[in-house]
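Chains as they are written, first to last, in this note's numbering: chain A, 78 to 471; chain B, 78 to 471. Down below is the structure, laid out as structure tokens.
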């Protein structure tokens with residue numbers, strides 16, 4: 078057994094989160110793609126079966142009240158809240174991330190007010206944010222400018238209405254300075270919208286603490302909600318009365334069953350709701366979130382950094398020098414919970430890794446992505462992944 | 078046995094769709110709320126279990142390709158297509174009805190082109206359509222005018238960009254003249270958007286035959302997709318190249334995994350996609366749609382009219398005269414698949430009906446709604462519902 082391999086065993090033995098692995102359905106595969114689709118929490122299948130067979134099949138329409146379907150978006154939002162540092166009553170679950178980006182950006186422009194007619198968007202963003210930002214700009218009479226997060230402070234002006242930022246870059250895994258950028262954007266009189274897809278559930282976000290106004294995120298990565306599970310929208314409590322949604326569906330009405338012709342928005346987080354909530358997916362997510370009982374996000378962060386540190390160390394030790402280049406920052410304060418390695422044949426390499434039971438993913442044109450989900454990935458997994466990677470790269 | 082009761086037994090025996098009842102999970106309740114939430118098709122629980130345990134739990138990320146997750150929105154759209162008279166390649170499933178109304182209305186205004194700056198909306202519509210229409214108008218620089226469907230021909234002008242119409246009124250069950258109104262709107266140079274929530278799966282729609290441009294609908298009523306199951310969007314093939322979505326998420330990109338900065342829409346129905354599809358709910362819907370195998374929508378319509386005719390006849394026979402007033406049209410060509418009865422104490426009456434195993438619903442302020450889903454409601458059910466209603470109204 079090599080030194081790294083022995084250390085992996087010791088680290089797993091000392092890992093206070095190691096017991097959480099049994100809360101997931103896993104096999105012999107090293108699953109490093111939880112930053113794309115989280116593994117199945119063991120409690121989900123039974124819950125989904127109950128939702129389908131009893132709540133839908135037997136209670137049918139009565140479940141909207143009796144099984145708590147109607148209030149699920151706010152209730153599950155409150156379950157996500159502590160993971161992203163939010164007090165209750167500020168998060169609502171529903172729709173896709175793209176749709177929530179649209180709600181948040183348009184609302185941000187409206188909050189920023191007259192005379193502000195420019196939206197800044199992270200030029201390195203996951204594409205959908207940029208596409209949606211373009212539509213939000215077009216529909217609010219704003220211009221759109223793509224800048225890197227580092228360029229944001231210099232790009233802010235009296236014209237800036239909203240800034241759409243990623244907490245962690247989907248490709249490189251770079252973690253951005255949410256507290257600093259939030260304060261800078263606010264000082265310029267603009268409103269920041271944070272996309273938390275690649276940070277929520279992997280590291281502390283501190284939405285309330287850092288005075289974030291608006292944020293969105295998906296739930297199928299580190300929150301393990303299942304394929305395409307509904308996204309969420311955070312609106313800071315102090316801003317909710319000014320949240321003016323571009324998608325004012327009947328679920329956000331103050332009296333949804335009043336069937337009133339005039340729209341009057343509800344107060345609170347549920348102002349971010351739109352149409353009828355997608356119950357099957359939403360309640361699967363609710364069951365999935367139970368794995369977080371008793372888990373501190375600080376402990377998750379500590380393990381996440383230890384895992385990515387260890388992976389980088391194993392890669393440095395095993396992989397021939399110069400064969401791959403890490404595009405993930407070395408500094409902890411700039412690293413999310415994934416490691417991205419560039420190599421020209423990344424697509425082929427990832428195919429071979431997957432065949433050998435090491436599952437990451439490939440992002441065009443040349444990036445191997447490895448996501449480290451501290452609730453179910455251990456150090457022995459990490460060492461094995463690096464070893465197999467090195468064998469395939471030789 | 079009364080005459081009506083005996084006739085019910087005979088009608089059930091002669092019903093060519095009677096065998097379909099066993100394709101659903103039902104009990105002794107007379108379920109007349111399938112126009113709100115369809116009953117559970119028997120094939121759904123097993124399918125959902127496979128999606129959760131095997132596709133998600135074992136294959137995980139591989140299922141996006143291997144289990145056909147990625148292409149589900151178009152594939153399931155094609156499964157809905159014959160039920161609404163559409164050729165393949167024009168329907169995509171995803172998002173809520175409200176979100177799809179927004180996409181369709183904004184796209185309609187853009188198709189109508191410059192100089193047209195008014196949206197007409199059905200004044201009697203389910204509220205969400207009106208709220209969303211107001212937002213679409215605000216965001217496209219249009220004014221919004223609420224008119225009854227009968228007033229539409231007179232309200233059309235050179236200013237009209239789009240008209241949002243309901244095929245069947247959610248409250249009264251009135252069926253509107255889709256072919257005639259579509260032609261009238263088109264002749265005025267405007268674009269009609271049809272909301273099919275209360276007609277799809279209950280009667281022939283004939284989207285292609287009648288030259289409909291844009292339509293949306295939910296899948297949890299007569300299509301039995303489950304609580305909050307994803308909605309769908311129909312864009313006529315000849316119009317798809319001009320469909321300019323206000324929600325251009327990465328799923329509608331010509332090359333979604335190209336991670337390209339510039340948005341270039343895909344061609345075809347999938348231009349209506351937005352974000353990551355909600356797989357659990359979507360594949361439950363796909364399983365639910367299998368109950369339609371071998372069913373002609375014309376046969377469904379024939380039975381639907383027979384059921385509502387029979388219900389009205391039983392009500393007239395059993396219920397004390399003047400105790401309720403039907404707001405559902407008598408003429409077949411103006412009737413959907415529900416009967417709405419007004420009485421001042423409708424809320425209380427419906428509570429008592431539900432306690433006695435006759436499940437309809439109440440719509441404020443004074444409407445008892447009874448939905449008749451021909452795949453699983455029989456004539457004996459109908460007679461029992463009317464009899465219990467009469468007892469409670471005496």
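Just so it is clear, CB atoms sit at the ideal spot from N, CA and C, and this is done for glycine as well.
Query	Result
Tell me whether residue 472 (chain B) is buried or exposed, calling it buried when 16 or more other Cβ atoms sit within 10 Å of its Cβ.	Outside the shown range of chain B (78 to 471) lies residue 472 (chain B), about which nothing can therefore be said.
Roughly how many angstroms lie between the CA atoms of residue 294 (chain B) and residue 259 (chain A), to the nearest whole one?	40 Å
Consider the Cβ of residue 114 (chain B): report whether some Cβ of chain A lies at a distance smaller than 8 Å.	yes
If we define contact as Cβ-Cβ less than 8 Å, is residue 211 (chain A) a contact residue for chain B?	yes
Return helix, strand or coil for residue 199 (chain A), following the three-state DSSP convention.	strand
Are the segment 312–320 of chain A and the segment 159–167 of chain A touching by the rule of at least three beta carbon pairs closer than 8 Å?	yes
Thinking C-beta only, is residue 265 (chain A) closer than 8 Å to residue 233 (chain A)?	yes
Does the Cβ of residue 79 (chain A) lie closer than 7 Å to at least one heavy atom of the ligand SAM?	The model on display carries no ligand, and the ligand SAM is accordingly not part of it.
Tell me, please, whether the CB atom of residue 143 (chain B) is closer than 8 Å to any CB atom in chain A?	no
Just list the residues that DSSP pairs residue 524 (chain A) with in beta bridges.	Any property of residue 524 (chain A) remains undetermined from this structure, which presents chain A solely from 78 to 471.
Determine which residues of the segment 346–364 of chain B have a Cβ less than 7 Å from any Cβ of chain A, and write them out in chain order.	351, 352, 353, 354, 355, 356, 357, 358, 361
Determine the contact status of residue 324 (chain B) and residue 179 (chain A), defining contact as a CB-CB distance below 8 Å.	yes
Can you name the residues of chain A whose CB is closer than 8 Å to the CB of residue 122 (chain B)?	126, 129, 130, 134
According to DSSP, simplified to helix, strand and coil, what is residue 208 (chain A)?	helix
Are three or more beta carbon pairs between the segment 271–281 of chain B and the segment 138–150 of chain B nearer than 8 Å?	no
Please look up how many angstroms separate the CB atoms of residue 97 (chain A) and residue 454 (chain A), rounded, as I've assumed it's under 8 Å.	Actually they do not touch by this definition, with Cβ atoms about 10 Å apart.
Check distances from the C-beta atoms of the segment 432–458 of chain B to those of chain A and list, in chain order, the residues that come in under 8 Å.	436, 438, 440, 441
Give the straight-line distance between the Cα atoms of residue 172 (chain B) and residue 84 (chain B), rounded to the nearest whole angstrom.	43 Å
Using the C-alpha atoms, what's the distance from residue 138 (chain A) back to residue 434 (chain B)?	13 Å
From A:231, A:204, A:220, A:239, pick the residue whose C-alpha is nearest to that of residue 246 (chain A); which is it?	A:204
Are three or more beta carbon pairs between the segment 336–353 of chain A and the segment 349–362 of chain B nearer than 8 Å?	no
Considering just the uninterrupted stretch of the alpha helix (DSSP H) at residue 457 (chain B), what are its terminal residues?	456–470
Can you pull out the residues from the segment 157–185 of chain B whose beta carbon lies closer than 9 Å to at least one beta carbon of chain A?	171, 172, 173, 174, 175, 176, 177, 178, 179, 183
Check whether chain B comes within 8 Å of residue 140 (chain A), counting only Cβ atoms and requiring the distance to be less than that.	yes
For a contact defined as C-beta to C-beta under 7 Å, what are the partners of residue 205 (chain B) on chain A?	326, 327, 352
For residue 320 (chain A), is the classification buried or exposed, using 16 other Cβ atoms within 10 angstroms of its Cβ as the cut-off for buried?	buried
For residue 213 (chain B) and residue 290 (chain B), what's the separation of their Cα atoms in angstroms?	18 Å
Would residue 311 (chain A) pass as an interface residue toward chain B - the criterion being a Cβ-Cβ separation below 8 Å?	no
Considering only residues of the segment 269–319 of chain B, which uninterrupted beta strand (DSSP E) runs meet the minimum length of 3 residues and lie entirely inside it, listed in chain order?	291–294, 309–312
Please state the DSSP three-state secondary structure of residue 226 (chain A).	helix
Can you tell me whether residue 200 (chain B) is buried or exposed, with buried defined as 16 or more other CB within 10 angstroms of its CB?	exposed
What's the call for residue 306 (chain A), buried or exposed, on a 16-neighbour Cβ count within 10 Å?	buried
What are the boundary residues of the alpha helix (DSSP H) that includes residue 168 (chain B)?	Note, residue 168 (chain B): premise wrong, no alpha helix (DSSP H); beta strand (DSSP E) at 168–170.
Starting from the C-beta of residue 194 (chain A), find all residues in its chain whose C-beta is less than 7 Å away, skip the five residues before and the five after it, and write them out in chain order.	218, 219, 220, 236, 238
Do residue 278 (chain B) and residue 361 (chain B) count as a contact pair if the criterion is CB distance below 8 Å?	no
List, in order along the chain, the chain B residues whose C-beta lies closer than 9 Å to that of residue 146 (chain A)?	304, 305
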